[in-house]
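Numbering-wise (the working numbering), the sequence shown opens with residue 1 and increments by one. Contents: one structure, followed by commentary.
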Amino acid sequence: MTKIDNETPSWPTACILCSINCGIRVEVDGGQLKKIKGDRENPKSKGYICQKAARLNYYQSHSGRLAQPLSKKEDGGFRKISWDDAISEVADKLAHIHNSYGSHSIAYYGGGGQGNHLCQIYSSSLRSSLGTPYLYTALAQEKTGDFWVNGKLFGKQSCHVTEDIDHADYILFIGTNPYQSHGFPRARRVLDEIVKAPDRTIVVIDPVVTETAKKADIHLQLKPGTDALLMSAMLGTIIQEGLEDREFIEEHTEGFDEIKALFNTIPIKEYIDKTGLDQNTVQKIARDFASAEKACVRVDLGIQQSIHSTLNSWLEKLLFLVTGNFAIKGGNNLHTQFVPIVGHSDDSNKSRITTKVTGMSAISHFFPPNILPAEIDTDHPDRVRALIVDSANPILTAADSNAYINAFKKLELLVVIDVANTETAKLAHYILPAQSQFEKWEASFFTLDFPTNYFQLRAPIVEQGGSTLSEPEIYRRILVAMGLFPKSFPILQRIAGIHLRYPQLFLFPLFLFGYLALFPKYKKSLLMVLYATIGKAMHDGAQNAAALWGVAHLYAKKYRSAIKRTGLTGNRFMLGERLFKRIIERRSGMEISAHKYEEVWGLVRTPNKKIILNISELHSDLQGLANESNLDEGYPFILAAGERRAYNANQIYRTPDWRKKDLDGALRIHPDDAAKIGVESNDPALCKSANGEIKVIIQIDRAMQPGFVSLPHGYGFEYTDSSTSSHIKQNGPKINMLTDSDHCDPISKTPYHKYVPVHIYPCDSGKV
Ligand SMILES: Nc1nc2c(c(=O)[nH]1)N[C@H]1C(S)=C(S)[C@@H](COP(=O)(O)OP(=O)(O)OC[C@H]3O[C@@H](n4cnc5c(=O)[nH]c(N)nc54)[C@H](O)[C@@H]3O)O[C@H]1N2
Ligand SMILES: Nc1nc2c(c(=O)[nH]1)N[C@H]1C(S)=C(S)[C@@H](COP(=O)(O)OP(=O)(O)OC[C@H]3O[C@@H](n4cnc5c(=O)[nH]c(N)nc54)[C@H](O)[C@@H]3O)O[C@H]1N2
Ligand code: SF4
Ligand SMILES: [Mo]
């Protein structure tokens, strides 16, 4: 542990509650996180935090923290076991399933949540050593439609788009509420700056009067699920009126003629009418967006987890592409990824790997949680039989909780690695307790910024309690116990020690390559080799950071000039070394690369660097909009199942005590609707979908529109009520009891969480 100054006894780390990972400084006392402040030395967040970060001790320290490996007993209860027993039993069972049924019978679910990524990187060594490609992750129930579209437009699914909101003068926020959910650094401050500037415009497209909508210059309160109609009408306006950026289109794109033909025939008025919006306002926005000098689009779950998810991703990108708002200051841009978490899966490859039961292909190397119960709960001989879940709680967060519960009960082996005793852990055969993100070396791989990109390696700030391990060590021990990895690397480890002192001698890379040439089977667990060699030689116990040595070298190879602009020097090799050294030293985070806007073209991965505008696979969905006159599904309400609010934070906080308001996670409903069903605020009610029903508490709110109701994400967990000691209670709604995995996007299988048709009954209506 390194205290960074003498006057303030506080340590730098980061908030782990959302993808921004704001830098924080924490006073620690007796293993507890005490005072938490924004870290002004963090170059990305610059001292900014939101109301959620100050309460991080509710993550670090609560009665549901795991302290010891547990294994399931015959009677369904758990018993404490030693790490040695846990590892050897898990290894034996994995080996047995692997040998009996093949590598496809083992799957992995996780990805490191909002800030547990450094440890996750090593799980790739376990997966590749076992030969399983089946990586299920939360990203594949929100962003894979977007990634798929990126693959078509920019050549590779790893080309990820970001938005330069800081410099834009016209911003469309579609289906996102950054005031609560953030999604870009210092969101509230940036929003306030834009609001104050007379010549900058914010347009919010959201069925709800959100906190962001209240700040906007224009709020388009469309009917839920009508974004594809709205964006088509906007594109129709731009193209039919010739407002596209011809020069940009000619120089940088292909396929505009096909796009033009599609949008020239859009019946604009008819489409806008279906959204419930005013035609003049919508068309004015389309024109103003097209003529703005620096405009960008920022989207999130409101369109990605609603109907037409993948089509929506195409349309929002066409908005900034046909108007030339790409690869410019204040526009949308591609960005670099320090650790390439978003990969590319070639869907044109005939021999690509698919899942055995549902035949799903990966997008960006990810498989969608939506299909996992069907891959397990079947008699199919090639079904998934063993699953490792790390840093995720799919029983509460994936669609259709009951399908998940039933499927997980059928697994021959379920191993859960978590810091807390979650609903998913309770179904496991083995629960392996991990160190918290404040007890180990960690980092977040959400390096999503452009033109400057940032990274922070976080040192532990709290001594670990109980008998926990960090994930890399858990994975290493399993690999060793399975005989897939050496117990130690005495020579490489010694060389690594010398290398850290004298990198210019180039010794470690030489020996490492030599070793891998002799033992090529360890190439697939290269990151674990780094962990077991250079990691062991690192100071301050920073073993987990070892993989970053390789990552820093790869980054230096790809983005040399951009790294040099941050003040580092050296040839390709020494630049990588210095980048690694700086990462280890700068505990408050650092700039990793500073790019020029035109360098975006270097990140485009089509052979001729042109953007391919036309995606023929989406034509039928687009053309089908013309017949989409009636979205009535026989249910009176559309439920957004999983809203981001002031006091929810995924499933990371597992005690209700952290919440200052909205203790029950109420169902928000418009007063007219509440009057119709005869409910008042604070009344209990029953919310019923085609798939399930749950009890909710009503909150009447004019911010909603009639016919549209919302429930929050991040509730529904079980906890021990401290006032009644051992009494287990549930905090708020288990929203995924209502959702259905079949109600999903046809391409990405992303569930339509924001568009769940429901009935609502007062609790005394006899329906309960
Ligand atoms: N406070 C808080 N912040 C978080 C999180 C959290 O749990 N709590 N989680 C983090 C994570 S993992 C993520 S992915 C992000 C998600 O961040 P967001 O996507 O911004 O958050 P949501 O509230 O899920 O949905 C955004 C908006 O979509 C709107 N919406 C619903 N239906 C429609 C529709 O049909 N059309 C349009 N245009 N909009 C619609 C909702 O009214 C809502 O305002 O938030 C991150 N930040
Ligand atoms: N209906 C509906 N469902 C949704 C959403 C929605 O809007 N509506 N949103 C979806 C979205 S966008 C997301 S991102 C997912 C999130 O859902 P999940 O992927 O399940 O992730 P989290 O809720 O963040 O849960 C993270 C888990 O990691 C554990 N954890 C925390 N720190 C550590 C650590 O250091 N090591 C280990 N091993 N574990 C740790 C926590 O205890 C927790 O159990 O939910 C999705 N589900
Ligand atoms: S929740 Fe997100 S925006 Fe808020 S402090 Fe944490 S990382 Fe920053
Ligand atoms: Mo998410």
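Just so it is clear, CB atoms sit at the ideal spot from N, CA and C, and this is done for glycine as well.
Item                                                                                                         : Value
Beta-carbon spacing of Phe446, Thr137 below 9 Å                                                              : no
Residue list, Cβ distance to ligand 3 heavy atoms smaller than 6 Å                                           : Cys15, Leu17, Cys18, Ile20, Asn21, Cys22, Ile49, Cys50, Lys52, Ala53 and His182
For Thr750, the nearest candidate out of His759, Thr739 and Arg127 (CA to CA)                                : Thr739
Beta-carbon proximity list for Ala542, same chain, < 6 Å, skipping 5 on both sides                           : Trp441
Residue range of the beta strand (DSSP E) that includes Asp29                                                : Gly23 to Asp29
Cβ-based burial, Asn281 [other Cβ within 10 Å; buried from 16]                                               : The question names Asn, but residue 281 in the sequence shown is Thr. By the 10 Å Cβ count, Thr281 comes out exposed.
Three-state secondary structure assigned by DSSP to Pro751                                                   : strand
Val26 beta carbon less than 9 Å from that of Phe455                                                          : no
Ordered list of alpha helix (DSSP H) runs contained in the stretch 515-540, each at least 4 residues         : 526-532 and 534-537
Three-state secondary structure assigned by DSSP to Phe367                                                   : strand
Minimum length 4: unbroken alpha helix (DSSP H) runs contained in the stretch 186-245                        : 187-196, 211-215 and 227-240
Three or more C-beta pairs below 8 Å linking the stretch 144-154 and the stretch 261-271                     : no
Glu163 beta carbon near ligand 1 (any heavy atom closer than 8 Å)                                            : no
Pro368 CB to nearest heavy atom of ligand 1 below 8 Å                                                        : no
C-alpha distance - Ser345 paired with Gln157, whole-angstrom precision                                       : 7 Å
The stretch 599-608 touching the stretch 666-676, judged by at least three CB pairs closer than 8 Å          : no
Selected residue, minimal CA-CA separation from Leu56, among Ile303, Gly183, Ser436 and His117               : Ser436
Extent of the continuous alpha helix (DSSP H) run through Gln96                                              : Per the sequence presented here, residue 96 reads as His, with Gln not at that position. First-last of the alpha helix (DSSP H) with His96: Trp83 to Tyr101.
Residue span of the alpha helix (DSSP H) that contains Gln60, given as start and end                         : Asn57 to Gln60
Inter-residue spacing [alpha-carbon to alpha-carbon] between Asn42 and Lys35                                 : 17 Å
For Cys744, the nearest candidate out of Ala398, Ile584 and Ala546 (CA to CA)                                : Ala398
Range of the contiguous alpha helix (DSSP H) that encloses Gln337                                            : It is not in any alpha helix (DSSP H) - Gln337 carries neither H nor E in the DSSP assignment.
Alpha carbon of Lys767 to alpha carbon of Arg645, nearest angstrom                                           : Reliability fails at Lys767, whose pLDDT of 43 lies under 50, so the model's placement of it is uncertain and the value that follows must be treated cautiously. So the alpha carbons of these two residues sit roughly 29 Å apart.
Closest Cα partner of Leu277 within the set Ala537, His104, His219 and Phe573                                : His219
Endpoints, the alpha helix (DSSP H) within which Asp672 is located                                           : Pro671 to Ile677
Arg385 beta carbon less than 9 Å from that of Tyr101                                                         : yes
Alpha-carbon to alpha-carbon, Thr275 and Thr265                                                              : 18 Å
Residues near Gly634 in its chain [Cβ-Cβ closer than 8 Å; skip 5 each side]                                  : Pro757
Thr720 to Asn731 span [Cα, whole Å]                                                                          : 10 Å
Contact test: Thr739 Cβ vs ligand 1 heavy atom, cutoff 8 Å                                                   : no
Continuous alpha helix (DSSP H) stretch holding Pro373: start and end                                        : Leu372 to Ile376
Cβ separation of Val90 and Val551, assumed to be a contact under 8 Å, to the nearest whole Å                 : Wrong, their Cβ atoms sit about 28 Å apart, outside the cutoff.
Beta strand (DSSP E) segments (min. 3 residues) lying fully within the stretch 267-322                       : 295-299
DSSP state of Arg587 mapped onto helix, strand, coil                                                         : coil
Asn150, buried or exposed, once every other Cβ within 10 Å from all chains shown has been counted against 16 : buried
Bridge-paired residues (DSSP) for Gly110                                                                     : Asp390
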